[in-house]
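Please read the structure below before turning to the comments.
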Amino acid sequence: MKRRAPSDKSTTDEECDDSDEIAQNQDQDDNSSQATLSESDLAPAEGGGDHSGSGINNSTIKTALIPLNSPSLNQLATSLGLLITHSDIDVNDVIVKSECLPNKHKQQHAHPSVCHHWLRDSAAAGRILPIALYVLDDYNPNNSEDGSDDLPPNPQSKNACFRIHPLNSPNEHLVHALRILKQDRVARDERWNALAYSRAAAMVKSFPHRIRSKDDIRLQLSYDSNDTVHTKNIGEKKIRAKIEEYLNYGRISEAETIQNSASHKLYNALCSIQGIGPRRAYELSRTGASSLGELVERGSITQEDVTLAQHLELGIPRTEVSSIAGVVMENARTLLPHPTHAICGGYRRGKSESNDIDILITHHGYTLQQMNEFLANLARRLQDMGFLTKLMRQLSLSDGHSDKHDYQSTLLGVVASSSKYGTTDSAQVTFRRVDIIVCHPHSFHLEVLAWTGSVMYERDLRAFVKRRNLKLNASCVYDEHTNNEVDLSGIRSERHLLAFLHLPWIAPENRNCD
DNA sequence: AAAATA
DNA sequence: ATTTTGA
DNA sequence: GAAAAC
Numbered sequence: 001m002k003r004r005a006p007s008d009k010s011t012t013d014e015e016c017d018d019s020d021e022i023a024q025n026q027d028q029d030d031n032s033s034q035a036t037l038s039e040s041d042l043a044p045a046e047g048g049g050d051h052s053g054s055g056i057n058n059s060t061i062k063t064a065l066i067p068l069n070s071p072s073l074n075q076l077a078t079s080l081g082l083l084i085t086h087s088d089i090d091v092n093d094v095i096v097k098s099e100c101l102p103n104k105h106k107q108q109h110a111h112p113s114v115c116h117h118w119l120r121d122s123a124a125a126g127r128i129l130p131i132a133l134y135v136l137d138d139y140n141p142n143n144s145e146d147g148s149d150d151l152p153p154n155p156q157s158k159n160a161c162f163r164i165h166p167l168n169s170p171n172e173h174l175v176h177a178l179r180i181l182k183q184d185r186v187a188r189d190e191r192w193n194a195l196a197y198s199r200a201a202a203m204v205k206s207f208p209h210r211i212r213s214k215d216d217i218r219l220q221l222s223y224d225s226n227d228t229v230h231t232k233n234i235g236e237k238k239i240r241a242k243i244e245e246y247l248n249y250g251r252i253s254e255a256e257t258i259q260n261s262a263s264h265k266l267y268n269a270l271c272s273i274q275g276i277g278p279r280r281a282y283e284l285s286r287t288g289a290s291s292l293g294e295l296v297e298r299g300s301i302t303q304e305d306v307t308l309a310q311h312l313e314l315g316i317p318r319t320e321v322s323s324i325a326g327v328v329m330e331n332a333r334t335l336l337p338h339p340t341h342a343i344c345g346g347y348r349r350g351k352s353e354s355n356d357i358d359i360l361i362t363h364h365g366y367t368l369q370q371m372n373e374f375l376a377n378l379a380r381r382l383q384d385m386g387f388l389t390k391l392m393r394q395l396s397l398s399d400g401h402s403d404k405h406d407y408q409s410t411l412l413g414v415v416a417s418s419s420k421y422g423t424t425d426s427a428q429v430t431f432r433r434v435d436i437i438v439c440h441p442h443s444f445h446l447e448v449l450a451w452t453g454s455v456m457y458e459r460d461l462r463a464f465v466k467r468r469n470l471k472l473n474a475s476c477v478y479d480e481h482t483n484n485e486v487d488l489s490g491i492r493s494e495r496h497l498l499a500f501l502h503l504p505w506i507a508p509e510n511r512n513c514d
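Take the first sequence: its position 134, counted from the start at 1, is 134 in the UniProt record's numbering, and no numbers get skipped.
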């Protein structure tokens, strides 16, 4: 994913063909975004007792940010005896100070109660969520599977997985400048600073209109009592200053300096080499060398690596992505009757050029074990025919099954893609990075979600569900405390999955947060 | 570097 | 003021 | 166990 140099100027529109084989049709009644609170939702939280604490006991004081434009939430908060005060940061928001149970951890209550995250999450979702997932006692995912209606996106959310991030932003320049700053922080091994810039860039990317002045930002966001604009993920100190500089002068001088520095260029070149990540690139780029060539001569890297990197740096047009996937699937079908597959990654997000090709394959009625064996066979087949030329992650294909079923379910490799009209024979081959992933059919939609990205979308997705004590990875969802896996066999589509997780449906083309 | 928590 | 930041 | 991979 990071393989893309700063010049990520995605060339424009190309109908993102929806030849996704994943069914994501789902009837949603789009009625009530002004959800009403059903009795059953409220009941468990009302332990009884007097008013000012009503049900929620008097341990700690937590705060939650709630948008004012959600009257039902305010009403709800009041009915629970929560204190609502105006924040001095943000006029459109209020701070709810609630007496709330300590979140997580073991509890020995006689009656069910919800953690304060419920309120905050409801605020984030812009609507009142069912409490089932927030009940602190035994959580049973099956009795809360109500959600076949999409939640609306929330442009003001701090979480990328609630916002819309189209492929092309009207503020591409600013976003690009922020990304350069991000890259620089990565290069300096300042991981968290880099994350902050990524978040800020994603936030800007989600603005639907061109920003020319602070007033433009106000239109989408909120301001505090001092008439100062405040935007989530854009702090008051550093990043705010950079953006103001941009608004005033049309550029961020630090970004330009970075972009012109030789060490920055060398660092990026190094990172594009397989097996060299931030750490080694950092080390090598400060050995005094000024070019890759020099490092090759010193023996730090090989010419072969450099040449391969040059191939892999080239964007892959959509047509080629689907034709490569076609070759893979054609061979897959000789080993497996009717596979289900999806092309994920940037392709699914609608990018006109991809950095690599992510193909996800499953099969109804197969176990993960069987899928893994299938993948090993597929790998061998693709290698034998000379299509798959390199395996980055070696699959141990000890054909005699030695108990140790150490087959893997992801294949990271390189294929030789003959650029179609290659009139000339040998020379017209381009090497492309391909990831082939197999999974259990029950986790298919979750895998699709995970392999579609973007990185920031995934990050915020997982951060968000974690606050409900759910852990999510590419292949399963489970309860953090009980370690019980959530049964996903009833999930019919990626969209259904998102509804199940109480997340809004963001079309893949709008997950381009990075 | 920013936001959440204590 | 300290902790968290995706898995 | 660190780095790199997604």
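Even for Gly, the Cβ is constructed at its ideal location relative to N, Cα and C.
Quick caveat, the model's predicted, so the values are computed rather than measured.
Just to confirm before moving on: does the CB-CB distance between F374 and L336 stay below 8 Å?
Taking the first sequence and counting its residues from 1, the one referred to as residue 374 is at position 374. Taking the first sequence and counting its residues from 1, the one referred to as residue 336 is at position 336. Yes, the pair counts as a contact, with Cβ atoms nearer than the cut-off.
T334 lies in the alpha helix (DSSP H); which residues open and close that run?
One-based indexing of the first sequence puts residue 334 at position 334. R318 to L335 is the extent of the alpha helix (DSSP H) around T334.
Pick from G346, D189 and Q274: whose alpha carbon is nearest that of R286?
Here residue 286 refers to the residue found at position 286 of the first sequence. The residue with the shortest Cα to Cα distance from R286 is D189.
Contact under 8 Å by Cβ, L178 with S213:
Within the first sequence, numbered from 1, the residue matching residue 178 stands at position 178. Within the first sequence, numbered from 1, the residue matching residue 213 stands at position 213. Contact: no.
Separation of I217 from H173, as counted between CA atoms:
For the purposes of this step, residue 173 is identified with residue 173 of the first sequence, where counting begins at 1. For the purposes of this step, residue 217 is identified with residue 217 of the first sequence, where counting begins at 1. In a straight line, the C-alpha of H173 is about 16 Å away from that of I217.
What do you reckon, are the CB atoms on S475 and S443 nearer than 8 Å?
Locating residue 475 in the first sequence gives position 475, counting from the first residue. Locating residue 443 in the first sequence gives position 443, counting from the first residue. Yes, Cβ-Cβ distance for S475 and S443 is below 8 Å.
Leaving out the 5 sequence neighbours to the left and right, which residues in its chain are closer than 6 Å to R381 when beta-carbon positions are compared?
The residue you call residue 381 lines up with position 381 of the first sequence. For R381, where only same-chain residues beyond five positions count, the Cβ hits under 6 Å are N331.
Near V429, what residues of its chain come up, given a Cβ to Cβ distance below 6 Å and the 5 sequence neighbours on each side ignored?
In the first sequence, residue 429 corresponds to position 429, counting from 1. Correct list, in chain order: A416 and S418.
What did DSSP end up calling V204 once you bin it into helix, strand or coil?
In the first sequence, counting from the first residue as 1, residue 204 sits at position 204. The answer is helix: DSSP assigns V204 an H, G or I state.
Using the rule of at least 16 other Cβ atoms within 10 Å of the residue's Cβ for burial, across every protein chain shown, is P153 buried or exposed?
Within the first sequence, residue 153 is the residue found at index 153, counting from 1. By the neighbour-count rule (16 or more Cβ atoms within 10 Å), P153 is buried.
With burial defined as no fewer than 16 other Cβ atoms inside 10 Å of the residue's Cβ, what is the status of M392: buried or exposed?
Within the first sequence, numbered from 1, the residue matching residue 392 stands at position 392. Classification of M392: exposed, given that the 10 Å Cβ count is below 16.
Residue span of the alpha helix (DSSP H) that contains V306, given as start and end:
Here residue 306 refers to the residue found at position 306 when the first sequence is read from its first residue. It spans Q303 to E313 - the alpha helix (DSSP H) in which V306 sits, taken as one unbroken run.
Would you list the one or two residues that DSSP bridges to F431?
Position 431 of the first sequence holds residue 431. A416.
How far does the alpha helix (DSSP H) with V465 in it reach, from first residue to last?
In the first sequence, the residue the question calls residue 465 occupies position 465. V465 -> alpha helix (DSSP H) spans V455 to K466.
Which residue marks the beginning of the beta strand (DSSP E) containing K237, and which one marks its end?
Numbered from 1 along the first sequence, position 237 holds the residue referred to as residue 237. Unbroken run through K237: none, as it is neither H nor E.
Is K466 near the ligand SAH, in the sense that its beta carbon is under 7 Å from a heavy atom of that ligand?
In the structure shown, the ligand SAH is absent, as is every other ligand, since no ligand is present at all.
Say whether the stretch 278-292 touches the stretch 320-331, bearing in mind that this needs 3 or more beta-carbon pairs closer than 8 Å, one atom from each stretch.
no
Could you check the C-alpha separation between S87 and M203 for me, to the nearest Å?
On the first sequence, residue 87 is found 87 positions in, with the first residue counted as 1. On the first sequence, residue 203 is found 203 positions in, with the first residue counted as 1. Because S87 sits at a pLDDT of 28, beneath the cut-off of 50, its placement in the model cannot be relied upon, and the point is left open.
Could you tell me how far apart the beta carbons of A200 and D460 are, in whole angstroms, since I believe they sit closer than 8 Å?
Residue numbering aside, residue 200 sits at position 200 when the first sequence is read from its first letter. Residue numbering aside, residue 460 sits at position 460 when the first sequence is read from its first letter. Wrong, their Cβ atoms sit about 14 Å apart, outside the cutoff.
So if DSSP puts T452 in a beta bridge, which residue, or which two residues, is it bridged to?
Taking the first residue of the first sequence as 1, we reach residue 452 at position 452. For T452, which the question treats as bridged, DSSP gives no partner whatsoever.
Residue from P278, K158, C271 and A269 with nearest C-alpha to G235
Taking the first residue of the first sequence as 1, we reach residue 235 at position 235. It is K158.
Considering only their Cβ atoms, is the gap separating R432 from I357 smaller than 8 Å?
Taking the first residue of the first sequence as 1, we reach residue 357 at position 357. Taking the first residue of the first sequence as 1, we reach residue 432 at position 432. A contact, by the Cβ cut-off of 8 Å.
Could you tell me the boundaries of the beta strand (DSSP E) in which A342 lies?
To locate residue 342, count along the first sequence from 1; it is residue 342. Unbroken beta strand (DSSP E) run through A342: T340 to I343.
Excluding the 5 residues flanking S409 on each side, which residues of the same chain have their C-beta closer than 7 Å to its C-beta?
Sequence index remark: in the first sequence, residue 409 carries index 409 (1-based). Only L368, M371, N372, L375, I437, V438 and C439 meet the Cβ criterion.
Please report the distance separating the alpha-carbon of S413 from that of P441.
Stepping through the first sequence from its first residue, residue 413 is reached at position 413. Stepping through the first sequence from its first residue, residue 441 is reached at position 441. Contrary to the premise, residue 413 reads as Gly rather than Ser in this sequence. The alpha-carbon atoms of G413 and P441 are separated by roughly 23 Å.
Under 6 Å Cβ to Cβ from P155, same chain only, skipping five residues before and after it: list those, please.
One-based indexing of the first sequence puts residue 155 at position 155. These residues qualify, in order along the chain: R163.
Taking the continuous alpha helix (DSSP H) assigned at L382, which residues delimit it?
Translated into positions along the first sequence, residue 382 becomes position 382. L368 to D384 is the span of the alpha helix (DSSP H), which, as asked, contains L382.
Pull up the distance between the alpha-carbon of A499 and that of E353, whole angstroms please.
Residue mapping note: residue 499 aligns to position 499 of the first sequence, counting from 1. Residue mapping note: residue 353 aligns to position 353 of the first sequence, counting from 1. Going by the C-alpha atoms only, they are around 30 Å apart.
I believe W451 touches G345 by the beta-carbon criterion, under 8 Å. Please report the beta-carbon distance rounded to the nearest angstrom.
Numbered from 1 along the first sequence, position 451 holds the residue referred to as residue 451. Numbered from 1 along the first sequence, position 345 holds the residue referred to as residue 345. At roughly 6 Å, the Cβ-Cβ gap stays under 8 Å, so W451 and G345 are in contact.
Starting from residue 520, follow the beta strand (DSSP E) in both directions and report where the run begins and ends.
Residue 520 is absent from the model: the chain starts at 1 and stops at 514.
Out of curiosity, what's the CA-to-CA distance linking A309 and S272?
On the first sequence, position 309 is the one that residue 309 refers to. On the first sequence, position 272 is the one that residue 272 refers to. Straight-line Cα distance between these residues: approximately 6 Å.
Quick one: grab the DSSP three-state call for T362.
Here residue 362 is taken as the residue at index 362 of the first sequence, counted from 1. Strand, per DSSP.
K237, buried or exposed, once every other Cβ within 10 Å from all chains shown has been counted against 16:
Here residue 237 is taken as the residue at index 237 of the first sequence, counted from 1. With fewer than 16 other Cβ atoms within 10 Å, it is exposed.
For I239, which residues in the same chain have their Cβ closer than 6 Å to its Cβ, ignoring the five residues on either side in sequence?
As a working note, residue 239 is residue 239 in the first sequence. Cβ within range, chain order: A200.
Quick one: residues in its chain with C-beta nearer than 8 Å to the C-beta of S253, no 5 flanking neighbours on either side, listed in chain order?
The residue labelled residue 253 in the question sits at position 253 within the first sequence. Cβ within range, chain order: E245.
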